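Quick note: the sequence shown uses this note's numbering, first residue 114, plus one each step.
We put the CB at the ideal spot given by N, CA and C, even for glycine.
A quick note: this is a predicted structure, and the numbers were derived from the prediction, not measured.
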Amino acid sequence: MLELLSQLDGFGSTDDVKVIAATNRIDVLDPALLRSGRLDRKIEFTLPDEEARARILEIHSRRMALHGDVNFEEIARMTEDMNGAQLKAVCVEAGMLALRNDRVYVAHEDFAEGVTAVQARKKSSLNYYA
């Protein structure tokens, strides 16, 4: 961290150097990193809303053989606190569940079970950081 701060302080305001940083743990960022002149802008990407979650689920499952009963709007309502990566994990989990059940299509119940599985992993990973 000290080396990063030292390097950031070494750039002059006329230098054509751009630094882009990303984190998914903004709550543990060192305040020294956020001081004026180091990182000038903070762009936050919020979690997707219900409509966006439904669309993300559709995108990640477009190459899957889906049963006619799949309702992405209902699945999106079940995934309120999930980001795009977690929604993709739901689709992958749903596909794996269909394969385990010897089906060539993914049903709505597979997505519902996929949501439960991803939520369980999410809780266990949150406990890891606690």
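- In this chain, the alpha helix (DSSP H) harbouring L200 covers G197 to R213.
- Residue range E163 to H173 is occupied by the alpha helix (DSSP H) that includes R168.
- Boundaries of the alpha helix (DSSP H) around R190: F185 to M191.
- Residues of the same chain with a CB within less than 7 Å of the CB of A178, apart from the 5 flanking positions on each side, are V217, Y218 and V219 in chain order.
- Secondary structure of L160 (DSSP, three-state): coil.
- Taking the CA atoms as reference points, E222 sits about 24 Å from L160.
- Rounded to the nearest whole angstrom, the CA to CA distance from I188 to R166 is 9 Å.
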